[in-house]
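Numbering (the working numbering), first residue to last: 307 to 702. For every residue, glycine included, the Cβ atom is placed at its ideal position computed from N, Cα and C. Remember, predicted model here, so these are calculated numbers, not experimental data.
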């Protein structure tokens, strides 16, 4: 959800997460120094992100020179414990890159074509209010150029602390989620524009099952997690709990409003192919490194994944960003760019990124989200700046 990523109502929901009490600025942060006494830029930037009002921050940078980590702030506003090492993270819309990878593997095996219509694999699923699966291709699902409305607005009926607690245990099938979206008119004609919609990846998960006879979770596990030995990546289904160690996530639902602990999943949009995966920074870095080095996709399929369209500049993404097939591209200040997919939900934002050659990868996690849009913009700038600095230093 990848502000993952993330847009539409997951976006509206997550854009409203936790501006922290001013007392957090006084929380002692970890202090580190790089080899040879040079300043630890990763730690400096983690502290700067925490100083924007984030409750807790963690980051992991992997380069040919080794691994660096940084933590800042607290894991729990009540106990004031520090953010744990090697913590489990909800990765939200970063899930989409896993799902897109499976779809591209199936294309490489000749079991589907990206130019197949949605109707071919899911007859009658995309109909109503002018939505027409006969006119939408699988490629357009993966690239968010389908024009399909986002279902998430229908599963967040009350954007408040009480609404979160009252509705977080509701579960829906993929078919029900798609049916919610079909209540609304298309956003645009297929292939004519770009707009992020979580509905696209609900349908992608359904296509994987239609092609293979197995759920998207089983295909991700057998095709990605097991070969890469991502032993700490979890496909939780409708289990709302986040295994430990982990920091708590906090959402602020209204400016100047209270902080709400949102560590328990909001299952209406945390439980499917658009954003269900739980992982660690180490596993996520390994995944993107393997993907970009060609360990998961043949060259033709990786090239397809990296064929991008422009993303409109907005508060949810850095300027000049582009979107491929479940993969985002962002320019680097030192030249070139990085690939990744951010993810977010109530109370958290993760930003995984890797250089094009897969030699350097970083994952940054923030454990609270503010309701105030100005604060959200400052936190996003601090987070993306942290990623930029880490990768520019890591590839030098």
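For residue i, report the span of its alpha helix (DSSP H) as first-last.
{"i": "residue 467", "result": "467-473"}
{"i": "residue 634", "result": "That residue, residue 634, is in no alpha helix (DSSP H); its beta strand (DSSP E) goes 634-637."}
{"i": "residue 658", "result": "Run containing residue 658: none in the alpha helix (DSSP H); it sits in the beta strand (DSSP E), 654-661."}
{"i": "residue 576", "result": "573-576"}
{"i": "residue 348", "result": "347-357"}
{"i": "residue 592", "result": "587-598"}
{"i": "residue 526", "result": "522-526"}
{"i": "residue 694", "result": "679-700"}
{"i": "residue 509", "result": "505-518"}
{"i": "residue 426", "result": "424-427"}
What residue from the options has the CA that sits closest to residue i's CA?
{"i": "residue 497", "options": "427, 684 and 440", "result": "440"}
{"i": "residue 576", "options": "614, 604, 535 and 508", "result": "508"}
{"i": "residue 415", "options": "474, 529 and 540", "result": "529"}
{"i": "residue 573", "options": "418, 499, 473 and 374", "result": "473"}
{"i": "residue 423", "options": "447, 405 and 606", "result": "447"}
{"i": "residue 461", "options": "453, 489, 438 and 436", "result": "489"}
{"i": "residue 370", "options": "527, 563, 665 and 407", "result": "665"}
{"i": "residue 649", "options": "390, 633 and 642", "result": "633"}
{"i": "residue 505", "options": "482, 527 and 571", "result": "482"}
{"i": "residue 622", "options": "590, 385 and 502", "result": "502"}
{"i": "residue 588", "options": "563, 376, 457 and 352", "result": "376"}
{"i": "residue 494", "options": "469, 558, 640 and 438", "result": "438"}
{"i": "residue 500", "options": "620, 640 and 639", "result": "620"}
{"i": "residue 527", "options": "368, 593, 600 and 485", "result": "593"}
{"i": "residue 596", "options": "626, 418, 571 and 661", "result": "661"}
Return yes when the Cβ of residue j is within less than 8 Å of the Cβ of residue i, no when it is not.
{"i": "residue 668", "j": "residue 697", "result": "yes"}
{"i": "residue 658", "j": "residue 646", "result": "yes"}
{"i": "residue 663", "j": "residue 603", "result": "no"}
{"i": "residue 672", "j": "residue 354", "result": "no"}
{"i": "residue 444", "j": "residue 420", "result": "yes"}
{"i": "residue 608", "j": "residue 517", "result": "no"}
{"i": "residue 487", "j": "residue 454", "result": "yes"}
{"i": "residue 364", "j": "residue 556", "result": "no"}
{"i": "residue 451", "j": "residue 615", "result": "yes"}
{"i": "residue 396", "j": "residue 591", "result": "no"}
{"i": "residue 586", "j": "residue 538", "result": "yes"}
{"i": "residue 492", "j": "residue 563", "result": "no"}
{"i": "residue 544", "j": "residue 479", "result": "no"}
{"i": "residue 466", "j": "residue 559", "result": "yes"}
{"i": "residue 522", "j": "residue 389", "result": "no"}
With DSSP collapsed to three states, give me the class of residue i.
{"i": "residue 705", "result": "Here the chain comprises residues numbered 307 to 702, so residue 705 is not present and cannot be evaluated."}
{"i": "residue 546", "result": "coil"}
{"i": "residue 438", "result": "strand"}
{"i": "residue 629", "result": "strand"}
{"i": "residue 605", "result": "helix"}
{"i": "residue 569", "result": "coil"}
{"i": "residue 533", "result": "helix"}
{"i": "residue 394", "result": "strand"}
{"i": "residue 462", "result": "coil"}
What's the C-alpha gap between residue i and residue j?
{"i": "residue 584", "j": "residue 651", "result": "12 Å"}
{"i": "residue 694", "j": "residue 434", "result": "43 Å"}
{"i": "residue 684", "j": "residue 610", "result": "34 Å"}
{"i": "residue 654", "j": "residue 398", "result": "9 Å"}
{"i": "residue 350", "j": "residue 381", "result": "18 Å"}
{"i": "residue 631", "j": "residue 680", "result": "30 Å"}
{"i": "residue 533", "j": "residue 511", "result": "20 Å"}
{"i": "residue 361", "j": "residue 678", "result": "15 Å"}
{"i": "residue 535", "j": "residue 547", "result": "23 Å"}
{"i": "residue 299", "j": "residue 567", "result": "Nothing about residue 299 can be reported from this structure: the residues present for the chain run from 307 to 702 only."}
{"i": "residue 551", "j": "residue 392", "result": "8 Å"}
{"i": "residue 541", "j": "residue 549", "result": "12 Å"}
{"i": "residue 612", "j": "residue 629", "result": "8 Å"}
{"i": "residue 458", "j": "residue 606", "result": "33 Å"}
{"i": "residue 449", "j": "residue 347", "result": "34 Å"}
{"i": "residue 581", "j": "residue 383", "result": "26 Å"}
{"i": "residue 464", "j": "residue 372", "result": "45 Å"}
{"i": "residue 456", "j": "residue 618", "result": "17 Å"}
{"i": "residue 410", "j": "residue 387", "result": "42 Å"}
{"i": "residue 682", "j": "residue 676", "result": "6 Å"}
{"i": "residue 374", "j": "residue 352", "result": "12 Å"}
Could you check where the beta strand (DSSP E) with residue i kicks off and where it finishes?
{"i": "residue 376", "result": "372-379"}
{"i": "residue 448", "result": "Counting along the chain, residue 448 falls outside any beta strand (DSSP E), though it belongs to the alpha helix (DSSP H) covering 444-449."}
{"i": "residue 485", "result": "Run containing residue 485: none in the beta strand (DSSP E); it sits in the alpha helix (DSSP H), 480-487."}
{"i": "residue 401", "result": "First-last for residue 401: 401-414, but that is the alpha helix (DSSP H), not the beta strand (DSSP E)."}
{"i": "residue 362", "result": "362-369"}
{"i": "residue 672", "result": "667-672"}
{"i": "residue 650", "result": "649-651"}
{"i": "residue 558", "result": "556-558"}
{"i": "residue 642", "result": "Counting along the chain, residue 642 falls outside any beta strand (DSSP E), and DSSP gives it neither H nor E."}
Heavy atom of the ligand FAD less than 7 Å from the Cβ of residue i, yes or no?
{"i": "residue 398", "result": "Although the ligand FAD was asked about, the structure shown includes no ligands whatsoever."}
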